[in-house]
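Asker: One structure, as structure tokens, below. Some questions next.
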Amino acid sequence: MAVYTQIGAEEMAALVNEFDVGELVSAKGIAEGVSNSNWLLETTGRDGSGARFILTMYEFRIELEDLPYFLSLLDHLAAKGCPVPRTIHDREGALFRRRGEKALALIEFLPGVSVSEPTVGQARAVGAALAQMHAASADFAGSRANGMGLAEWQRLFDECGPDSLASIDPELAGLVAEQMPKIAAGWPKGLPRAVIHADLFPDNVLMLGDRVTGLIDFYFACNDLMAYDVAVTHAAWCFDATGRNFSAELSQALLEGYESVRPLSAEERAALPLLAQGAAMRFTSSRAYDWLNTPADALVVRKDPMAFARRLQFYAANPEVFA
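full-length UniProt numbering numbers the first residue of the sequence shown as 1 and each following residue consecutively.
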């Protein structure tokens, strides 16, 4: 369960009272997530009919000065008709509140479930929703660099060190040493940019049947290559959890869904094989670091870095999946 910090009942009730959402009824820790603590809150609602919200405490990999970007982005996309949750401002109009050196934000609860074995229809819908988000962000005033770009992948691997990487899997250190320079040398420049989600895994998408009801957890969002966001989403949706089995049907559906809203240019399509290798390397790096550094008492399940190392190997060997 991704709850790194405990908040007592009295403090939670006082916190909820800072927002015009009624009185706290219950608070339950949410199992999903890695970088933040999350709770599902139930309140009496403004009119007494009941309401649900998500409370997030930002723990690490997030700079507090970035929060206005993330939270204002949610409000902007929601106003454009994208299926994203609105930020609930407090009684003074603030986007978030501080708790010591950390911050908390209250977010609208959206209906839907996260799927573990996506269907073709769901993959197509996610591709279309991603393209809709890219288009809707065109006039968003905020700007943020990608804090999880190539330099950060290398820093995380360096922090781990080759011996510790090899302790995760004997092949991992060699794979990183071989592939990181190739990806860095070939990384494309000049492709179209927009606000990207950068972390659109199935557990960050809510669905009812084949309909996307919520894109959530925008806390890696930044201004970067739209095609890279497609590659991240492709890597997240088109393999099983182990990274051993690739679905060509999901791949085709996701790309068709995206291009039904925003066609990829020839240059973007040509860059996708390398961008997908980069996407796989990005999550290999963060998962390897977390595997080695997650506190023993943290209520969070570590995720296997090799699941994305295998994706990296697949993309390097099979560039034709994007043809």
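All residues carry an ideal CB built from backbone N, CA and C; glycine is no exception.
A quick note: this is a predicted structure, and the numbers were derived from the prediction, not measured.
1. When you compare the CB positions of residue 123 and residue 237, do they come within less than 8 Å of one another, or not?
2. DSSP beta-bridge partners for residue 42?
3. Only counting runs of 3 or more residues, tell me where the beta strand (DSSP E) segments fall wholly within the region 216–265, in order along the chain.
4. So, are the CB atoms of residue 198 and residue 177 less than 8 Å apart?
5. What's the call for residue 64, buried or exposed, on a 16-neighbour Cβ count within 10 Å?
6. Please confirm if the region 160–174 is in contact with the region 287–295, defined as three or more CB-CB distances below 8 Å between the two stretches.
7. In the DSSP assignment, what are the bridge partners of residue 194?
8. In or out: residue 278 buried (at least 16 other Cβ within 10 Å) or exposed?
9. State the DSSP-derived secondary structure class of residue 1, mapped to helix, strand or coil.
10. Ends of the alpha helix (DSSP H) at residue 94?
11. Below 7 Å CB to CB, which residues in the same chain sit around residue 142 once its five sequence neighbours on both sides are set aside?
12. Is it the case that the region 166–186 contacts the region 109–127, given that we only count it when at least three CB pairs across the two stretches are under 8 Å?
13. Could you pull out every residue in the same chain whose Cβ sits closer than 6 Å to the Cβ of residue 106, ignoring the five residues on either side in sequence?
14. Start and end of the alpha helix (DSSP H) containing residue 159?
15. How about residue 196 and residue 229: are their beta carbons less than 8 Å apart?
16. I think residue 280 touches residue 212, with their Cβ atoms under 8 Å apart; what is that distance to the nearest whole Å?
17. By Cβ distance below 7 Å, which residues in the same chain neighbour residue 262 in space, the five residues on each side in sequence not counted?
18. Using the Cα positions of residue 5 and residue 13, report the straight-line distance between them to the nearest angstrom.
19. Whole beta strand (DSSP E) runs in the region 68–141 with 3 or more residues, listed along the chain?
20. Spell out the partners DSSP gives residue 315 in its beta bridges.
21. Looking at the structure shown, is residue 267 part of a helix, part of a strand, or coil, going by DSSP?
22. Looking at the structure shown, is residue 293 part of a helix, part of a strand, or coil, going by DSSP?
23. Which partner residues of residue 36 appear in the DSSP bridge assignment?
24. When DSSP labels each residue in this structure, what does residue 205 get in the three-state scheme?
25. Which residues in the same chain as residue 90 place their Cβ atom closer than 7 Å to its Cβ, once the five residues preceding and following it in sequence are excluded?
26. Considering only the alpha carbon of each residue, which of 322, 62, 282 lies closest to residue 306?
27. Can you tell me the Cβ-Cβ gap for residue 207 and residue 115, rounded? I've got them flagged as a contact below 8 Å.
28. Taking Cβ positions, are residue 268 and residue 200 nearer each other than 8 Å?
29. Assuming residue 308 contacts residue 284 (C-beta within less than 8 Å), just tell me the rounded distance between them.
30. Answer with buried or exposed for residue 81, where buried requires no fewer than 16 other C-beta atoms within 10 angstroms of its C-beta.
31. Using the rule of at least 16 other Cβ atoms within 10 Å of the residue's Cβ for burial, across every protein chain shown, is residue 214 buried or exposed?
32. Using only the alpha-carbon positions, how far apart do residue 194 and residue 10 sit?
Answerer: So, from the listed chains and residues:
1. Position 123 of the sequence shown, counted from the start, is the residue given in the question as residue 123. Position 237 of the sequence shown, counted from the start, is the residue given in the question as residue 237. Cβ atoms of residue 123 and residue 237: closer than 8 Å.
2. Taking the first residue of the sequence shown as position 1, residue 42 is located at position 42. In DSSP, residue 42 forms a bridge with 26, 52.
3. 222–225
4. On the sequence shown, residue 198 is found 198 positions in, with the first residue counted as 1. On the sequence shown, residue 177 is found 177 positions in, with the first residue counted as 1. No, they are not a contact pair.
5. Position 64 of the sequence shown, counting from 1, holds the residue named residue 64. The residue in question, residue 64, is exposed, as its Cβ has fewer than 16 Cβ neighbours within 10 Å.
6. They touch, by the three-pair rule.
7. For this step, residue 194 is matched to residue 194 along the sequence shown. Under the DSSP definition of a beta bridge, residue 194 partners with 224.
8. Walking along the sequence shown from the start, residue 278 turns up at place 278. Residue 278 comes out buried.
9. Taking the sequence shown and counting its residues from 1, one reaches residue 1 at position 1. In this prediction, residue 1 has a pLDDT of 39, which is less than 50 and means its spatial position is unreliable; what the coordinates show is noted afterwards. Residue 1 falls in the coil class under three-state DSSP.
10. Counted from its first residue, the sequence shown places residue 94 at position 94. No alpha helix (DSSP H) holds residue 94; DSSP gives it neither H nor E.
11. The count along the sequence shown starts at 1 and reaches residue 142 at position 142. 69, 72, 73, listed in sequence order.
12. Fewer than three Cβ pairs drawn from the region 109–127 and the region 166–186 lie within less than 8 Å of each other, which leaves the two stretches out of contact.
13. Position 106 of the sequence shown, counting from 1, holds the residue named residue 106. Counting only Cβ-Cβ distances below 6 Å, and skipping sequence neighbours, we find 19, 53, 55, 88.
14. As a working note, residue 159 is residue 159 in the sequence shown. Start and end: 150–160.
15. Within the sequence shown, residue 196 is the residue found at index 196, counting from 1. Within the sequence shown, residue 229 is the residue found at index 229, counting from 1. Yes, Cβ-Cβ distance for residue 196 and residue 229 is below 8 Å.
16. To locate residue 280, count along the sequence shown from 1; it is residue 280. To locate residue 212, count along the sequence shown from 1; it is residue 212. Contact between residue 280 and residue 212 does not hold, since the beta-carbon distance rounds to 24 Å and is not under 8 Å.
17. Here the question's residue 262 lines up with position 262 in the sequence shown. These residues qualify, in order along the chain: 131, 134, 135.
18. On the sequence shown, residue 5 is found 5 positions in, with the first residue counted as 1. On the sequence shown, residue 13 is found 13 positions in, with the first residue counted as 1. One C-alpha to the other measures close to 16 Å.
19. DSSP assignment within the region 68–141 yields the following whole beta strand (DSSP E) runs of 3 residues or more, N-terminal first: 97–99, 102–108.
20. Residue 315 sits at position 315 when you count from the first residue of the sequence shown. According to DSSP, residue 315 bridges with nothing at all.
21. Sequence index remark: in the sequence shown, residue 267 carries index 267 (1-based). Residue state, collapsed to three classes: helix.
22. Translated into the one-based positions of the sequence shown, residue 293 becomes position 293. Helix, per DSSP.
23. Taking the sequence shown and counting its residues from 1, the one referred to as residue 36 is at position 36. Residue 36 pairs with 58.
24. The residue you call residue 205 lines up with position 205 of the sequence shown. In this structure, residue 205 counts as strand in the three-state DSSP scheme.
25. Sequence index remark: in the sequence shown, residue 90 carries index 90 (1-based). Counting only Cβ-Cβ distances below 7 Å, and skipping sequence neighbours, we find 18, 19, 97.
26. Counting from 1 along the sequence shown, the entry for residue 306 is found at position 306. Ranking 322, 62, 282 by Cα distance to residue 306 puts 282 first.
27. In the sequence shown, the residue the question calls residue 207 occupies position 207. In the sequence shown, the residue the question calls residue 115 occupies position 115. Going by Cβ atoms, the distance from residue 207 to residue 115 rounds to 6 Å, so yes, they are a contact pair.
28. By one-based count along the sequence shown, residue 268 stands at place 268. By one-based count along the sequence shown, residue 200 stands at place 200. No, the Cβ-Cβ distance between residue 268 and residue 200 is not below 8 Å.
29. Position 308 of the sequence shown, counted from the start, is the residue given in the question as residue 308. Position 284 of the sequence shown, counted from the start, is the residue given in the question as residue 284. Their Cβ separation, rounded to whole angstroms, is 4 Å, which keeps residue 308 and residue 284 in contact under 8 Å.
30. Numbered from 1 along the sequence shown, position 81 holds the residue referred to as residue 81. Residue environment for residue 81: exposed (fewer than 16 other C-beta atoms within 10 angstroms of its C-beta).
31. Numbered from its first residue, the sequence shown carries residue 214 at position 214. With 16 or more Cβ atoms within 10 Å of its Cβ, residue 214 is classed as buried.
32. What you label residue 194 is simply residue 194 of the sequence shown in a count that begins at 1. What you label residue 10 is simply residue 10 of the sequence shown in a count that begins at 1. Cα to Cα, the separation comes out at about 42 Å.
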